[in-house]
Structure formats: C-alpha cells, structure tokens
Amino acid sequence: MLRNGPESFGLVAILFHWVVALLFVGQMVLGVTSQWVQSMALQFVLIQWHKSFGFLLLGLSALRLVWAGTQMRPRALKTLGRAERVASRTVQSLLYLLMLALPMAGWALVSTSTLEVPSFAFNLVVIPDLPLVRSEGNENFWREVHSWLAYGTAVLAAGHMAAALRHHFWLGDEVLKRMLRPRRTRRGYGR
Amino acid sequence: MFRHATRSLMVCLVPVLGLAVNARADALSEAAGRYSIEPSSRIAFHVGQVAGGGINGDFAQFRGTFSIDGDNVGRSKVSLTLMPASVRTREKRVENFLRSDAVFDVEKFPEITFQSTSVTRTGEASALIDGMLTARGKTRKAQFAASVSDRTRGRIVFHVQGKVLRSPYGMDVGTPIYSNVVEFDMVLQGRRS
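First to last, the protein sequences are chains A and B.
Going by this note's numbering, the first sequence opens with residue 1, and the numbers climb by one from there.
Going by this note's numbering, the second sequence opens with residue 1001, and the numbers climb by one from there.
Laid out in structure tokens, this is it:
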C-alpha cells in the first residue's frame, strides 16, 4: 500500500503529490499577495511565511525525488495515446525538477538580497544563506529567475491539472483516481 | 608637641582634601548650566537579529536641551526630540520600512521624544537618567546611562547608552527574527546656551 505497484501509486507517492501540490498553490498565493498588500508590516510577515513554506517545499521535493527513485513507475493507462504519454511524462518530470529549482531560486534570492533578512524557518530554525555574492544586481537577477520559474511552473501545473480533469470527467478513466487513493491489487494492496 | 603636629597636619590636609572633593565633583557639578544639543551629535541604534549582526542606523535630525544643576545633579534635566523620518541605515528599503506604518509611522507620529524625570549620579562623571519616552503615541518609562566623555569651556560631551523594548510602542514587527530590544548609543554634544 505504501509503495507503488505496476498499475497504481502507493500511499507515500500520493501523499507527496498532494502535499507538494498544496504547498505550491499556497506559495503562489502567498508570493503574489505579498507583492500587492499595502501594509509593509503584513508584507514582511507574508514574505517570512513564504520563505518558511518554501524551505519546507524544497525539503519535501528532495525527499519525494529520492522516494520516486526507489519506486517503480506505474504503467501508463491504455487511454493515453503515444503523444499524450510523452507529453505527460515530460510535464511530470519538469514539475519534479521545478519543485526543486523554484525554491532553490528563492533561496538564492534571499541569499543575495541586500536587505540581509535572515531566513528563520517557522521561527524555529535559521537556514544559512547560500554562498553567493550579495548585491543589488544579483538580487534582481534571482528575483527575475524566481518569478519566471514560479509563473512557468503555474502554467505547467495548470496544464497537468486540466489533463487530469479531462481524463476524469471526459474520458472517465483511472488517471486521476489512481492519484487519489492507493488501489488494492489481486495480490493485496499495491506495493 | 603632638597636639601641634596634629594641628599642622590638619592645616595641610584640609586644602588637599577640599581639592579632592572638588575634583570629584568637577565633571558634572562644575559643568552646571543649560546646554543645547548640537547637530554634530550622533544618535545611533542597533537591533540584533537571529543569525548575528542586525540593523545599524542613526537619526540625522534631532533637537534637545539639558541643564545640569551644579548644587544637586539629581535635579538636572534632559529633553530630546528626534525625527524618525530622518532615520538612516545602509539600505534605502530598510529606511522606508522603518518610516512606514510598520514601525515609526512618521506620517502620523513625526517625532519621538524623551523627557527626563530624574537623574541619579552614579560616579564622578556619570549618571543614570530616567524619563518618559514617547513614540507612536505611546509613552513609557525609559532609562539611559550617561557619562561625560569630554568637557571644554562652554561645551560638554556625553556618551549615552540605553536599551528600549520595541513592543510597548507597537513597533515589534519582525520579532523574533529581529530583536525586540533597540540598543541606543549616543554621543550628545552640548553647547552652553
């Protein structure tokens, strides 16, 4: 049940998927909102939460990648054509990569910022800065990178979600369902 | 003979002791008078942060007076007003943040004032100054330690240090990343007025 089976995702992969997805959506809301609020005090607080959840996202994404490396990949469903298989696999691989690259770019941003605000994740742990040169130019560069990666990831994730919903409501297959709960197999739960 | 020697010793010692007492009282008592705080003074502050270091800054605009009571230093008075809009740090964005309603709210509260309520002499040239500090419309007690660091004719320089909590003034944004304690380090140059 915890591990992936040949036809299904295990509980660990499913939990990783939805927790990372939820964190990403929350991070987009926090990141965008923090740029629009008028109150500088509220902006400061939102950015600190954004940083804290960003480090959590980075840690979970790294663990997820390690876990995925130890698991078999469930077979693609027959309802997917060849082109769709290639596309889905490409998008999923990119999302794995972006869930690491995006928080890493955020970490680089705070490490190069001339504001020098320490990263105190959830007011519990001080996360050291990356060994990068702190300058206005570098800060602007990493802000752009972080921003473009965020919007790019959002577009890919939206496509990923739209495809899953199409399979569920239009084609009526198991694509979304098998990412909602682990499936019992003839040999027992998918391992 | 012994009585004569004792009297001679007393005659010699009294002026010497008198000089010593005067010397002890010199730094503050002899500086009696009213002074205005000169613009060349420096009002610096430091707010520590969790990873070490912190925010260092100062205020460019301020005004104030102090009067030293020569007969009773305890009756001396200090009054200081600083303009938080003149805050300076190494980073413009930090300055704007400090001026905003997140911290000083300079639009509504353009001045921070300190008015002494008592002065307690702690040494030959030092004293503790208790008073009321008003910031962001809130008035709380504050204490500063002052010592004479230089004195010339008509001019006296005090080194003043003190720690003030931010939270009683509603300025505790950023805690616990940034310390709740503001450490003031001032060099107040007074010219007799």
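Backbone N, C-alpha and C fix where the C-beta goes; we use that ideal spot for every residue, glycine too.
Problem set entry | Selected residue, minimal CA-CA separation from ARG134(A), among ARG85(A), PHE53(A), SER111(A) | One-based indexing of the first sequence puts residue 134(A) at position 134. Here the closest residue by C-alpha is SER111(A).
Problem set entry | Chain-ordered neighbours of PHE120(A) on chain B, where CB pairs are closer than 9 Å | Taking the first residue of the first sequence as 1, we reach residue 120(A) at position 120. Neighbours of PHE120(A) in chain B, taken as residues whose beta carbon is under 9 Å from its own, are GLN1049, VAL1050, ALA1051, PRO1176, ILE1177 in chain order.
Exercise. Chain A beta carbons: is any one of them nearer than 8 Å to that of PHE1158(B)?
Worked result: As a working mapping, residue 1158(B) is identified with position 158 in the second sequence. Under the Cβ criterion of 8 Å, PHE1158(B) is not counted among the residues facing chain A.
For this session: Can you say whether LYS51(A) is buried or exposed, counting buried as having 16 or more other CB atoms within 10 angstroms of its CB?
Result: By 1-based counting over the first sequence, the position of residue 51(A) is 51. So LYS51(A) counts as buried.
For this session: Find the residues of chain A that neighbour ALA1102(B), judging by a C-beta separation of less than 9 Å, and give them in chain order.
Result: Locating residue 1102(B) in the second sequence gives position 102, where the first residue counts as 1. In chain order: SER39, MET40, ALA41, LEU42, GLN43, PHE44.
Problem set entry | Within chain B, partners of LEU115(A) - CB distance below 7 Å | Your numbering for residue 115(A) matches position 115 in the first sequence. GLU1091, ARG1093, VAL1094, listed in chain order.
Exercise. With a Cβ-Cβ cutoff of 8 Å, do LEU115(A) and GLU1091(B) count as a contact?
Worked result: Locating residue 115(A) in the first sequence gives position 115, where the first residue counts as 1. Locating residue 1091(B) in the second sequence gives position 91, where the first residue counts as 1. Yes, they are a contact pair.
Problem set entry | Helix, strand or coil at GLU1091(B) according to DSSP, with G and I counted as helix | One-based indexing of the second sequence puts residue 1091(B) at position 91. In the structure shown, GLU1091(B) sits in coil (DSSP, three-state: anything other than H, G, I, E or B).
For this session: Would you grab the beta carbon distance between MET1132(B) and THR1117(B) for me? Rounded to a whole angstrom, and I think it's under 8 Å.
Result: Here residue 1132(B) refers to the residue found at position 132 of the second sequence. Here residue 1117(B) refers to the residue found at position 117 of the second sequence. Right, the Cβ-Cβ distance comes to about 6 Å (below 8 Å), so this counts as a contact.
Exercise. What are the boundary residues of the beta strand (DSSP E) that includes LEU1080(B)?
Worked result: Taking the first residue of the second sequence as position 1, residue 1080(B) is located at position 80. Per DSSP, LEU1080(B) belongs to the beta strand (DSSP E) from 1077-1082.
Exercise. In whole angstroms, what is the alpha-carbon distance linking LEU130(A) and ALA108(A)?
Worked result: Position 130 of the first sequence, counted from the first residue, corresponds to residue 130(A). Position 108 of the first sequence, counted from the first residue, corresponds to residue 108(A). Roughly 6 Å separates the two Cα atoms.
Problem set entry | Where the alpha helix (DSSP H) containing THR90(A) begins and where it ends | Working through the first sequence from its first residue, we reach residue 90(A) at position 90. 82-112 is the span of the alpha helix (DSSP H), which, as asked, contains THR90(A).
For this session: Flag this pair as yes or no: are the beta carbons of MET179(A) and PHE16(A) separated by less than 8 Å?
Result: Numbered from 1 along the first sequence, position 179 holds the residue referred to as residue 179(A). Numbered from 1 along the first sequence, position 16 holds the residue referred to as residue 16(A). One thing to note: MET179(A) has its Cβ no nearer than 8 Å to the Cβ of PHE16(A).
Problem set entry | chain A contact for PHE1097(B) (CB, 8 Å cutoff) | Taking the second sequence and counting its residues from 1, one reaches residue 1097(B) at position 97. So yes, PHE1097(B) belongs to the interface.
For this session: Compare the C-beta of GLN27(A) against all C-beta atoms of chain B and say whether one is closer than 8 Å.
Result: Locating residue 27(A) in the first sequence gives position 27, counting from the first residue. Not a single CB atom of chain B sits nearer than 8 Å to the CB of GLN27(A).
Exercise. Beta strand (DSSP E) containing ALA1146(B): first to last residue?
Worked result: The count along the second sequence starts at 1 and reaches residue 1146(B) at position 146. The continuous beta strand (DSSP E) containing ALA1146(B) extends over residues 1138-1152.
Exercise. Taking 8 Å as the CB-CB cut-off, is GLN48(A) touching chain B?
Worked result: The residue labelled residue 48(A) in the question sits at position 48 within the first sequence. Closer than 8 Å: yes.
Exercise. Buried or exposed: where does TYR1178(B) fall if 16 or more other Cβ atoms within 10 Å of its Cβ makes it buried?
Worked result: As a first step, residue 1178(B) must be located in the second sequence, where it is residue number 178. With 16 or more Cβ atoms within 10 Å of its Cβ, TYR1178(B) is classed as buried.
Exercise. Name the DSSP beta bridge partners of GLN35(A), please?
Worked result: On the first sequence, position 35 is the one that residue 35(A) refers to. BP columns for GLN35(A) are empty, so no partner.
Exercise. Hey, quick one: how far does the alpha helix (DSSP H) through GLU174(A) stretch, first residue to last?
Worked result: The residue given as residue 174(A) occupies position 174 in the first sequence. Per DSSP, GLU174(A) belongs to no alpha helix (DSSP H) and is neither H nor E.
Problem set entry | Which of helix, strand or coil DSSP assigns to GLY1123(B) | The residue you call residue 1123(B) lines up with position 123 of the second sequence. Of the three classes helix, strand and coil, the one that applies to GLY1123(B) here is strand, per DSSP.
Exercise. How should TYR151(A) be labelled, buried or exposed, when 16 other C-beta atoms within 10 angstroms of its C-beta is the threshold for buried?
Worked result: In the first sequence, counting from the first residue as 1, residue 151(A) sits at position 151. Burial call: exposed.
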